[in-house]
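Note sheet for the following structure.
Shown next as C-alpha cells:
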C-alpha cells in the first residue's frame, strides 16, 4: 500500500487567491490542496496561463483550477476544455448577472412535491444535502414554476454552496472542505414515477458533473426500492472506483449506517435523527453558514456592492433566506434551502 503523500504548502497566486478559510485538505490525498507534487503545482500554473491566453480572468483561483484538474486526472488540455465549456454555459444562462439578485418565491410550494435542502453538517463538518424523490410530480410542479426556473435555481444554489456555505464549514472545521454529504431518499419511487424522477435527476446531475466537479463527498441512497441493488451492481462497473467508494446504497434499514456519518442532533427526525427545527428542517437552512462566528458575505455579493461598504452584519442573501425560512437573522451570508439541485459530481 502506497504511503500517503507528504504535506506541501499550497502555492497561491496573489492575483486570484484571497481565501479567508483553510486551504489544506483534511485527509492526505494525492492531488488535493496541501498534498500536491511539484508537477501538479506546475500543472495548475500551466492551466491558468492557458486560460489567460484565451482571455479568461474569472474563477482562475488555485482551488477552482485544482478541482477541474482532478476531474480530468490532471490532463491540462482536458481540464482546459472542461473549464471553457463551463464558462460558455455560465454566459449562456447569464449566471453571474442572475446570482446576486435571484429570488425563488415558489420554493415552499415546490417543496411540497420535491423537498431539496441543506441542513447542518455531517461528522466531517461537511454540509448535509437532502433530497426526497418520492413525491415528484413534474406536471403539478410546472403549474407552480417552470423547468427553466428550476434549472436556474439549481445553478444558483450550486454557486451558493461554493460560497458562502463551504467556506463557513471550512472555517469551523479548521480544514478545507470542498464536498458535501448527500442523502437521496428513494421512498415512494415506484415504476410509475421512475421515468419522471430519474429523468430529472439525470438532467440535474449532468449540470453537476459538467460544471461543478469534485463536490461529492458521500452519497447515501436510502429506501432503495426492490431491484435497485441489482441495477446498481451493473452501473457501478461503469464508474470510476473513487466515485463508487463514495456511494452507499441502503434499503429501509439505513439508520445505523447513516447515523455513523451524520450526528443524530443534525439529522432530521424523519430519517432517524433527533432534529426538529421550528417550521421544519427542510425550511430552516441551519448550518455554520448561519453562525456568526463562521459566516461571511459571499464574494459574489461583495462584488455587487460596487465599491460601497462591504456588509459585516447581515447580507442581502441572509435577509432573503430569513424571510423565506422564518428564522432569526444572523451575521453573514447564507444559502436558502436548495431547490432544484442534485448531488454534486464526484
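In the UniProt record's numbering, the protein residues as written are 1 to 346. For glycine and all other residues, C-beta sits at the position ideal for the given N, C-alpha and C. The model shown is predicted, which means the values in this text are computed figures rather than measured ones.
Quick one: what's got a C-beta closer than 7 Å to residue 338's C-beta in the same chain, skipping five residues either side?
-> With a pLDDT of only 35 at residue 338, under the threshold of 50, the placement of this residue in the model should not be trusted; the figure read from the coordinates follows. Hits under 7 Å: 116, 117, 118, 129, 157.
Residue 14 classed as buried or exposed, judged by whether at least 16 other C-beta atoms fall within 10 angstroms = It is exposed - the Cβ of residue 14 has fewer than 16 other Cβ atoms within 10 Å.
Within the 9 Å Cβ cut-off, does residue 137 reach chain D?
-> Here there is only one protein chain, and chain D is not present.
May I ask you to report which of helix, strand or coil DSSP gives residue 121?
-> It is a strand residue.
Residue of 70, 42, 80 minimising C-alpha distance to residue 56 = Here the closest residue by C-alpha is 80.
What's the gap between the Cα of residue 318 and the Cα of residue 282?
-> Annotation note: pLDDT 44 at residue 318 (below 50); position unreliable, coordinate value reported separately. Between residue 318 and residue 282, the C-alpha separation is close to 16 Å.
Quick one: what does DSSP say residue 182 is sitting in, helix, strand or coil?
-> Looking at residue 182 - three-state DSSP - the assignment turns out to be strand.
Cβ distance (whole Å) where residue 35 is taken to contact residue 9 below 8 Å = Cβ-Cβ separation between residue 35 and residue 9: approximately 10 Å, too far for a contact (criterion under 8 Å).
Exposed unless 16 or more other CB atoms sit within 10 angstroms - verdict on residue 38 = Residue 38 comes out exposed.
One or two residues paired with residue 222 in a DSSP bridge = Residue pairing from DSSP places residue 222 in a beta bridge opposite 185.
Give the secondary structure of residue 44 by DSSP, where H, G and I count as helix, E and B as strand, and everything else as coil.
-> Three-state DSSP puts residue 44 in a helix.
Tell whether a beta-carbon distance below 9 Å holds between residue 17 and residue 62.
-> Going by C-beta atoms, residue 17 is nearer than 9 Å to residue 62.
Assigned exposure category for residue 208 - 16 Cβ within 10 Å defines buried = Under this definition residue 208 is a buried residue.
For residue 172, collect the residues of the same chain with a Cβ closer than 7 Å to its Cβ; drop the 5 residues on either side in sequence, then sort them by chain order.
-> Taken in chain order, the residues that qualify are 125, 288, 294.
Which residues share a DSSP beta bridge with residue 129?
-> The partner list for residue 129 (beta bridge, DSSP) reads 118, 182.
Alpha carbon of residue 219 to alpha carbon of residue 261, nearest angstrom | Inter-residue distance for residue 219 and residue 261 is about 11 Å (C-alpha atoms, whole angstroms).
Assign residue 51 to buried or exposed, taking buried as 16 or more other Cβ atoms, counted over all protein chains shown, within 10 Å of its Cβ.
-> Of the residues assessed, residue 51 falls on the buried side of the cut-off, its CB having 16 or more other CB atoms within 10 angstroms.
Which stretch, first to last residue, makes up the alpha helix (DSSP H) that contains residue 84?
-> That run of the alpha helix (DSSP H) goes 76 to 92.
Taking just the CA atoms, how far does residue 49 sit from residue 265?
-> Going from the Cα of residue 265 to the Cα of residue 49 covers about 46 Å.
Extent of the continuous beta strand (DSSP E) run through residue 249 = Run containing residue 249: 247 to 249, per the beta strand (DSSP E) assignment.
Given that a residue counts as buried once 16 or more other Cβ atoms are within 10 Å of its Cβ, and exposed if not, what is residue 4?
-> Residue burial is scored here from C-beta neighbours: residue 4 has fewer than 16 other C-beta atoms within 10 angstroms and is therefore classed as exposed.
Length of the line joining the Cα atoms of residue 240 and residue 246 | Pairing residue 240 with residue 246, the inter-Cα distance amounts to about 10 Å.
Can residue 113 and residue 84 be called in contact, C-beta distance under 9 Å?
-> Going by C-beta atoms, residue 113 is not nearer than 9 Å to residue 84.
Rounded C-alpha distance that separates residue 132 from residue 185 = The alpha-carbon atoms of residue 132 and residue 185 are separated by roughly 5 Å.
Option in 74, 169, 138 with minimal Cα separation from residue 292 = The closest CA to that of residue 292, considering only 74, 169, 138, is found on 169.
Using DSSP bridges, identify the partner residues of residue 275.
-> Bridge partners of residue 275: 268.
Exposed or buried, what is residue 195 when buried is set at 16 or more other beta-carbons lying within 10 Å of its beta-carbon?
-> Looking at its Cβ environment, which holds fewer than 16 other Cβ atoms inside 10 Å, residue 195 is exposed.
May I ask you to report which of helix, strand or coil DSSP gives residue 216?
-> The three-state secondary structure of residue 216, taken from DSSP, is strand.
So, residue 188 versus residue 224, is the Cβ gap smaller than 9 Å?
-> The answer is no: Cβ separation not under 9 Å.
Three-state secondary structure (DSSP) of residue 392 = With the chain covering only 1 through 346, there is no way to say anything about residue 392.
May I ask you to report which of helix, strand or coil DSSP gives residue 5?
-> Coil at residue 5, not helix or strand.
DSSP-derived helix/strand/coil call for residue 337 = Here residue 337 scores only 34 on pLDDT, less than 50, and its place in the model is too uncertain to base an answer on.
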